[in-house]
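Structure first, then comments.
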Amino acid sequence: MARPRVLLPALSLSTLLTACASQPRSSDPASWVQINGGAPVRLFFETPQPGQRLAYGEFEPGEYRLRFGAGEAEAEPVRLYRKVDLEPDLHGDYILQIETAGVYQILLNQGDEPHFRVIKRAAPKPAEVKNTTAQATSTGVCAPAIEEQSIQVAPVFKEGEWVRDFYSGRRAQVIDGKISLTPAADSEGLMLLEADTATPQPFTWDNATVYFALTDRFANGRTDNDHSYGRKADGAEEIGTFHGGDFAGLTAKLDYLQSLGVNALWVSPPFEQIHGWVGGGDRGDFPHYGYHGYYILDFTRLDANMGTEAELKTLIEQAHKRGIRVLFDVVMNHPGYATLQDMQDFGFGGLFDGFEQYLPPRWGDWKSSGNENFHGYHANINYDHAKWADWWGRDWVRAGIYDYDSPPNAGVDPIKGSLAFLPDFKTESDQTVSLPAFLRSKADTGARDLPNATVRDYLVSWLTKWVRDYGLDGFRVDTVKHVEPASWLMLKREAAAALTQYRSQHGESEGFSDPFWMVGEVFPHDVSKSAYFDAGFDAVINFDFQRKHARQGADCLSNLEPVYNDYAEKLNKDPDFNVMSYISSHDTQLFSTLARQSPELQKRVAAALLLAPGAVQIYYGDESLRRFGPTGSDPSQGTRSDMNWADIDAGAVDAVLSHWRKLGQFRHRHAAIGAGQHQKLSEAPYAFARTHGEDRVIIVSAERGR
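Structure below.
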């Protein structure tokens, strides 16, 4: 029985490719395959299913000779992942070139047409997978100085001018270039100074406060669509299942977002996802559905779990009324995996002869048993079946099955390589294509044949239609470095034209006239201007802030003085350069985990983030001390726990939430915070100014020691 590279979560960093084994390991020296050449390899053997044999071991880079059976034969070269036919007597010699060290498996399928594949996999992980935490949170934390402070505010504020602390509401008059004020008791020593006559400044993306809500885990506005397409709860920890969040839930919480000073909402990809699941995590210990939005089946339809097009329209209209722009998270690198349920629903792919008897009437209801795990369903699937032509097809994706091209290692070729064994769209190809067979027969799709269109043309057309129909304000773009820049430039050009067309037909929603905005995920981009800004991007996500600066700023805001100065120097003297900084994400970790659920540090990091130059991103629950959730053998899953509305409703996180709201509202009022020039005013208390045209603010952090 043929097996592909096991299909695993899109956001997992490693994968265990055997997963469906049902026999214990052994090291039988009388093996059916021998390895010579290269570094010594100790093989382990399994029997996944009747008629299958599996051997795996750890290989170093080099050339190896694989010998099946006894005797010698002329050796033939073997390519990873490709089917290799064997003689009926299961004899043969083959040359295998290993480029990168790792664990590789040889899967032999006996029967009328014997063959084998060589597949790279990751080594097994320890039984317990724990989230990595930082050092003790108490080390080096400054104490707030809640006492009267004498603050030099000239020349930012003029002699005799009245200045207000936005945090406490207290006022003071500038005398001899100074004011005297005491921070509010719950402010962590912060004072947010503005002119007493200050008014809210116009929106600019350079000062955007973007709220990233993973829709399924944020708020459930309708329960009748919680398990669309026959999806099921798993009855266990529900790590990778749909939880019910939707557009209706987002709309119901817009006032909450407005209270945080949010002016842009990043919505996880809302497009129709694969109907079934794949094995979750390295150990296949949970079913993993596309609840996060990155396993797209049909780009032209909303996933029913997210809601209807009418509900999307309402969400955007209501967000705009509150001054909140709406961004869709979009993907052009890959579609979703093939699952048992989608194979059955849409008639693509195939099982081994007679293996349907091992599946339930609804294939997606398959459950692991015995020593199997949720990767085990692959043993039923014949990945060399001719009906794989009825899936995306070889002209659309690289997938390493049937007659599809095999993707290279993404580390060697980031454009054509596969991420987490997802099928890779051929966006770089100039070959014209027709609709994939499964979409052509999908009754409710909006996809239609386009004349003389490439894969890129189709994807751009599908994605920008949402802008043209609903007036979306921007895109957050996934996996940017794994798609050629020409595709992104085309996406931006067409999306901007689509928004212009929408506004010409419907008017400027709530007076919004700012251009279409596109921010990219380019791991591990920092605050430097790269060639991606020539490929249509207005901003990139700044990975440095979480990795290097967030905890420093939470300990003492003054630690960030050189960081703030550097950011402002780079960003705000170049009108075509912006980054979006964050402290938590769905791919890395939660700051609350890093801070070991410390309310004090969760308050302090609000200042570090929300006072940063450039755009910033709040990940849902940053402001409410949301906890890391069940994660299984995929540590990123715990970062996507349900929003902790019960804590908020009970007032359990009032102190943290109130602090985030004060800072968010202050940032919302003043474009100078993100877009202004930075100037340090004093060491003790630590104070700095931001100025942008007529907009002026001073931030004071009264710190006592370290």
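Just so you know, the sequence shown maps onto residues -21 to -1, 1 to 685 in mature numbering (1 follows the signal peptide of the UniProt record, and there is no 0).
Where a beta carbon is used, it is the ideal one built from N, C-alpha and C, also for glycine.
Predicted model only: the values in this text are computed from it and were never measured.
Exposed unless 16 or more other CB atoms sit within 10 angstroms - verdict on residue i
i: G269; result: buried
i: A668; result: buried
i: H485; result: exposed
i: Y337; result: exposed
i: I652; result: buried
i: P19; result: exposed
i: S571; result: buried
i: A113; result: With a pLDDT of 26 at A113, under the threshold of 50, the predicted position of this residue should be treated as unreliable, and no value is reported.
i: I74; result: exposed
i: E78; result: exposed
i: S492; result: exposed
i: V391; result: exposed
i: A102; result: Bear in mind that the predicted position of A102 carries a pLDDT of just 38, short of 50, making it too unreliable to give a figure here.
i: E173; result: buried
i: S615; result: buried
i: D633; result: exposed
i: H671; result: buried
i: S612; result: buried
i: T118; result: Model confidence at T118 stands at a pLDDT of 40, short of 50, so the residue's coordinates are unreliable and nothing is read from them.
i: K405; result: buried
i: A585; result: buried
i: T567; result: buried
The alpha helix (DSSP H) enclosing residue i, as first and last residue numbers
i: T194; result: T194 to F197
i: L642; result: D633 to R648
i: K582; result: P578 to L589
i: A259; result: According to the sequence provided, residue 259 is Gly. The question's Ala does not apply to it. Per DSSP, G259 belongs to no alpha helix (DSSP H); it is in the beta strand (DSSP E), V257 to G259.
i: Q13; result: Counting along the chain, Q13 falls outside any alpha helix (DSSP H), though it belongs to the beta strand (DSSP E) covering V12 to N15.
i: residue 700; result: In the structure as shown, the chain begins at -21 and stops at 685. Residue 700 is therefore absent and cannot be evaluated.
i: M322; result: L319 to F325
i: Q336; result: Looking at the DSSP string, Q336 is not in any alpha helix (DSSP H), and its letter there is neither H nor E.
i: V542; result: E540 to L550
Residue range of the beta strand (DSSP E) that includes residue i
i: H657; result: Q656 to S661
i: W245; result: A243 to V246
i: H671; result: Y665 to H671
i: E42; result: G41 to F47
i: F307; result: R304 to V309
i: F675; result: It should be noted that the sequence gives Arg, not Phe, for residue 675. D674 to S680 is the extent of the beta strand (DSSP E) around R675.
i: T443; result: Not the beta strand (DSSP E): T443 falls in the alpha helix (DSSP H), residues V434 to Y449.
i: L276; result: I275 to L281
i: Q410; result: Per DSSP, Q410 belongs to no beta strand (DSSP E) and is neither H nor E.
i: E251; result: F250 to Q252
i: A594; result: A594 to Y598
i: I125; result: Segment: none, I125 is in no beta strand (DSSP E) and carries neither H nor E.
i: F24; result: F23 to E25
Rounded distance between the beta-carbons of residue j and residue i, thought under 8 Å
i: G258; j: H354; result: 4 Å
i: E42; j: A80; result: Not confirmed; about 14 Å, so no contact.
i: D403; j: V446; result: Actually they do not touch by this definition, with Cβ atoms about 25 Å apart.
i: T202; j: D213; result: Going by Cβ atoms, the distance from T202 to D213 rounds to 18 Å, so no, they are not a contact pair.
i: F516; j: W467; result: 7 Å
i: V135; j: R675; result: 5 Å
i: V595; j: D457; result: Going by Cβ atoms, the distance from V595 to D457 rounds to 19 Å, so no, they are not a contact pair.
i: F325; j: K460; result: No, F325 and K460 are not in contact; Cβ-Cβ is about 31 Å, not under 8 Å.
Beta carbon of residue i nearer than 8 Å to that of residue j
i: L233; j: I295; result: no
i: V12; j: V57; result: no
i: V434; j: E473; result: no
i: M559; j: A510; result: no
i: D185; j: N557; result: yes
i: G224; j: F191; result: no
i: H271; j: R619; result: yes
i: residue 702; j: V153; result: The requested residue 702 is not part of the displayed model; the chain covers only -21 to 685.
i: L244; j: V305; result: yes
i: V462; j: I380; result: no
i: Q128; j: A681; result: yes
i: P494; j: A475; result: yes
i: T194; j: G255; result: no
i: T424; j: T279; result: yes
i: A650; j: R583; result: no
i: D68; j: A52; result: no
i: I218; j: T610; result: yes
Residue-level contact to chain C via CB, residue i, 8 Å cutoff
i: S483; result: Note that chain C does not occur in the displayed structure, where there is just one protein chain.
Original post:
In chain order, which alpha helix (DSSP H) runs of at least 4 residues are fully inside the stretch 202 to 240?
Top reply: 226 to 231 and 233 to 238
**OP:** Tell me the start and end of each unbroken beta strand (DSSP E) in the stretch 471 to 508 that is at least 3 residues and wholly inside, in chain order.
**Re:** For the stretch 471 to 508, whole beta strand (DSSP E) runs of length 3 or above, ordered along the chain, are 496 to 499.
**OP:** Just list the beta strand (DSSP E) runs in the stretch 128 to 190, keeping only unbroken ones of 3 residues or longer that don't cross its boundaries, in chain order.
**Re:** 128 to 131, 141 to 144, 150 to 152, 157 to 160 and 169 to 174
Subject >> Length-filtered (3 minimum) beta strand (DSSP E) runs lying within the stretch 32 to 102 >> reply: Runs found: 41 to 47, 55 to 57, 71 to 77, 81 to 88 and 94 to 100.
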